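Protein chains: 2
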Amino acid sequence: MDEMDEKDAQLREAAERLALTLSESGMQKATARVMTALLFSRHETMTAADLCQELQISTGAVSGAVKQLIPTGIVERAPAPGSRRDHYRFREHAWATLMGKQNALLDSMWDAASEGLKVVGKDSAPGRRLDEMQHFYGFMQREMAALIDKWLEQYEAGQD
Amino acid sequence: MDEMDEKDAQLREAAERLALTLSESGMQKATARVMTALLFSRHETMTAADLCQELQISTGAVSGAVKQLIPTGIVERAPAPGSRRDHYRFREHAWATLMGKQNALLDSMWDAASEGLKVVGKDSAPGRRLDEMQHFYGFMQREMAALIDKWLEQYEAGQD
DNA sequence: AACAGGATTCAGAGAATTTTGAAGCCTCTG
DNA sequence: CAGAGGCTTCAAAATTCTCTGAATCCTGTT
Numbered sequence: 001m002d003e004m005d006e007k008d009a010q011l012r013e014a015a016e017r018l019a020l021t022l023s024e025s026g027m028q029k030a031t032a033r034v035m036t037a038l039l040f041s042r043h044e045t046m047t048a049a050d051l052c053q054e055l056q057i058s059t060g061a062v063s064g065a066v067k068q069l070i071p072t073g074i075v076e077r078a079p080a081p082g083s084r085r086d087h088y089r090f091r092e093h094a095w096a097t098l099m100g101k102q103n104a105l106l107d108s109m110w111d112a113a114s115e116g117l118k119v120v121g122k123d124s125a126p127g128r129r130l131d132e133m134q135h136f137y138g139f140m141q142r143e144m145a146a147l148i149d150k151w152l153e154q155y156e157a158g159q160d
Numbered sequence: 001m002d003e004m005d006e007k008d009a010q011l012r013e014a015a016e017r018l019a020l021t022l023s024e025s026g027m028q029k030a031t032a033r034v035m036t037a038l039l040f041s042r043h044e045t046m047t048a049a050d051l052c053q054e055l056q057i058s059t060g061a062v063s064g065a066v067k068q069l070i071p072t073g074i075v076e077r078a079p080a081p082g083s084r085r086d087h088y089r090f091r092e093h094a095w096a097t098l099m100g101k102q103n104a105l106l107d108s109m110w111d112a113a114s115e116g117l118k119v120v121g122k123d124s125a126p127g128r129r130l131d132e133m134q135h136f137y138g139f140m141q142r143e144m145a146a147l148i149d150k151w152l153e154q155y156e157a158g159q160d
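Line by line, the protein sequences give chains A and B.
With the numbering used here applied, the first sequence covers 1 to 160.
With the numbering used here applied, the second sequence covers 1 to 160.
In structure tokens:
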């Protein structure tokens, strides 16, 4: 029965492909690989040792990746009675959390525009550009937050 | 009258700060600096030489940055009758365009989830995670596109 | 309280990405 | 159609980022 093995290989491959995409958009490679390994894993949770083995990276790399992943809310430590090892798990609603965090960038953009407008006033060339920018990011900030809530609601409702 | 100079300095500083933020979220540093220089510039347009001087980078770096910025729709070549140099300009509605492009990432996420679900089925551990993921990104794809349209409409209306 | 298993840290090696600078190319101009 | 100006390209240099692996720290067990 190596049909299972083949499926596992496909799963791991899909995980690696996504990790590559994510690292191309700025995420650290080891971090992305740990994240997708947990996402595509057959297991409910994985230990640092599991991750080392599966990804062929050092314990230090795993530790660093986890350190980034936990505060962003994508991964969490799972209780594992009777085990001294930490068990990690992909967190439920991680995507909503992740997108919410990205809104911090929207804030930065708004702030930057605002900063510029303190100096120049809307009737100048940079003023016009910054005014549009501020308008855009102000709008996005508000609407994105609402959108995430809307998704959560909708998803929870669908789960019944 | 060095009040002007001081304001210029503040403007450039704000530009550099934003460039730094952007480079921290994955954009190439020179690219980010060119972009913010154009955004915060007092001038309507800038030439490659202007950018070299202001940012203290090589012509090659400017050329490379522009090469990235133009296809993404953030910057455009501006007609400049009587000048042999190319003039670059921050594009109107660049933000909406930019965010639209980022939706390509949402597509990738949806695809990755879909890929995994082809292998495992929703009743497994990875299946449940991937199902939520697919649901989330499918939702976001649709709603984000709508949101950008809504902003454009609203902004155009406000301009009258 | 000493030990053992495991997580974390961090300096240094190594890899990958960026930038430079100069050569080459293209396009206007006279 | 020769020359000048300016843009692009690209190999090499520089910088930056990332990973490793060993030392250290922490925590629960005997």
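The beta carbon of each residue, even a glycine, is placed where N, CA and C say it ideally should be.
In this text the structure is predicted, and so the values were computed from the model without any measurement.
TODO: Under the assumption that M99 of chain B contacts I148 of chain B (Cβ atoms under 8 Å), give the Cβ distance between them as a whole number of angstroms.
DONE: In the second sequence, residue 99 of chain B corresponds to position 99, counting from 1. In the second sequence, residue 148 of chain B corresponds to position 148, counting from 1. The pair is a contact, with the Cβ atoms about 6 Å apart (cut-off 8 Å).
- [ ] Output yes if chain A places a C-beta closer than 8 Å to the C-beta of P126 of chain B; else output no.
- [x] Start at 1 with the first residue of the second sequence, and residue 126 of chain B comes out as number 126. For P126 of chain B, the answer is yes, since a Cβ of chain A falls inside 8 Å of its Cβ.
Task: Contact set between Q10 of chain B and chain A, taken where Cβ atoms lie within less than 7 Å - done: As a first step, residue 10 of chain B must be located in the second sequence, where it is residue number 10. Near Q10 of chain B (Cβ distances below 7 Å), the residues of chain A are V119.
TODO: From the DSSP output, in three-state form, read off T59 of chain A for me.
DONE: To locate residue 59 of chain A, count along the first sequence from 1; it is residue 59. Of the three classes helix, strand and coil, the one that applies to T59 of chain A here is helix, per DSSP.
Open item on the list: For I70 of chain A and D5 of chain A, what's the separation of their Cα atoms in angstroms?
Closed with: Working through the first sequence from its first residue, we reach residue 70 of chain A at position 70. Working through the first sequence from its first residue, we reach residue 5 of chain A at position 5. When rounded, the distance between both Cα atoms is 30 Å.
Open item on the list: How far does the beta strand (DSSP E) with A78 of chain A in it extend, from its first residue to its last?
Closed with: Taking the first residue of the first sequence as position 1, residue 78 of chain A is located at position 78. Residues 75-78.
- [ ] Pull up the distance between the alpha-carbon of T59 of chain B and that of S23 of chain A, whole angstroms please.
- [x] Within the second sequence, residue 59 of chain B is the residue found at index 59, counting from 1. Within the first sequence, residue 23 of chain A is the residue found at index 23, counting from 1. Whole-angstrom Cα-Cα distance: 28 Å.
Open item on the list: So G26 of chain B contacts chain A; which residues on that side make the cut at Cβ distance below 7 Å?
Closed with: In the second sequence, counting from the first residue as 1, residue 26 of chain B sits at position 26. In chain order: S25, G26.
Task: Interface flag, K29 of chain A vs chain B, CB-CB below 8 Å - done: Residue mapping note: residue 29 of chain A aligns to position 29 of the first sequence, counting from 1. Closer than 8 Å: no.
Task: Among B:A78, B:W95, B:Y137, the one whose alpha carbon lies nearest that of S114 of chain B - done: Locating residue 114 of chain B in the second sequence gives position 114, counting from the first residue. Out of B:A78, B:W95, B:Y137, B:Y137 has the C-alpha closest to the C-alpha of S114 of chain B.
Task: Host alpha helix (DSSP H) of H135 of chain B (start-end) - done: Within the second sequence, residue 135 of chain B is the residue found at index 135, counting from 1. Looking at the DSSP string, the run of the alpha helix (DSSP H) that includes H135 of chain B is 125-158.
TODO: Establish whether the CB of H87 of chain B and some CB of chain A are separated by less than 8 Å.
DONE: As a position in the second sequence, residue 87 of chain B is number 87, starting the count at 1. Chain A contact via Cβ: absent.
Task: Where M133 of chain A meets chain B, residues with beta-carbon distance less than 9 Å - done: In the first sequence, counting from the first residue as 1, residue 133 of chain A sits at position 133. Result: L39, A94, W95.
TODO: For R142 of chain A, return the contacting residues in chain B, with the cut-off set at a CB-CB distance below 9 Å.
DONE: For the purposes of this step, residue 142 of chain A is identified with residue 142 of the first sequence, where counting begins at 1. Near R142 of chain A there are no residues of chain B at all, since even the closest Cβ is about 10 Å away, more than 9 Å.
Open item on the list: Looking at the secondary structure, which residues open and close the beta strand (DSSP E) in which R33 of chain A lies?
Closed with: For the purposes of this step, residue 33 of chain A is taken as residue 33 along the first sequence, with counting starting at 1. Here R33 of chain A belongs to no beta strand (DSSP E); instead the alpha helix (DSSP H) covers 29-40.
Open item on the list: Under DSSP, the beta strand (DSSP E) around R17 of chain B begins and ends at which residues?
Closed with: Along the second sequence, read from residue 1 onward, the residue named residue 17 of chain B stands at position 17. Unbroken run through R17 of chain B is the alpha helix (DSSP H), 3-24; no beta strand (DSSP E).
Task: Closer than 8 Å to chain A by CB, A78 of chain B - done: Your numbering for residue 78 of chain B matches position 78 in the second sequence. So, not an interface residue.
Task: Residue-chain proximity (R33 of chain B, chain A), Cβ-Cβ < 8 Å - done: Counting from one through the second sequence, the residue named residue 33 of chain B turns up at place 33. By this cut-off, R33 of chain B is not an interface position.
TODO: Taking only the alpha-carbon atoms, compute the straight-line gap between R12 of chain A and F40 of chain A and give it to the nearest angstrom.
DONE: Within the first sequence, numbered from 1, the residue matching residue 12 of chain A stands at position 12. Within the first sequence, numbered from 1, the residue matching residue 40 of chain A stands at position 40. Cα to Cα, the separation comes out at about 7 Å.
Open item on the list: Let me check one thing: in DSSP terms, what residues is T47 of chain B bridge-paired to?
Closed with: Position 47 of the second sequence, counted from the start, is the residue given in the question as residue 47 of chain B. In the DSSP output, where bridge partners are listed per residue, T47 of chain B has B:H87.
Open item on the list: Suppose contacts are defined by Cβ-Cβ distances below 8 Å. Is A14 of chain A in contact with G116 of chain B by that definition?
Closed with: Locating residue 14 of chain A in the first sequence gives position 14, counting from the first residue. Locating residue 116 of chain B in the second sequence gives position 116, counting from the first residue. It is a contact, given that the beta carbons lie within the stated cut-off.
- [ ] Measure the alpha-carbon distance for R129 of chain B versus P79 of chain B and round it to whole angstroms.
- [x] Start at 1 with the first residue of the second sequence, and residue 129 of chain B comes out as number 129. Start at 1 with the first residue of the second sequence, and residue 79 of chain B comes out as number 79. So the two alpha carbons sit approximately 51 Å from each other.
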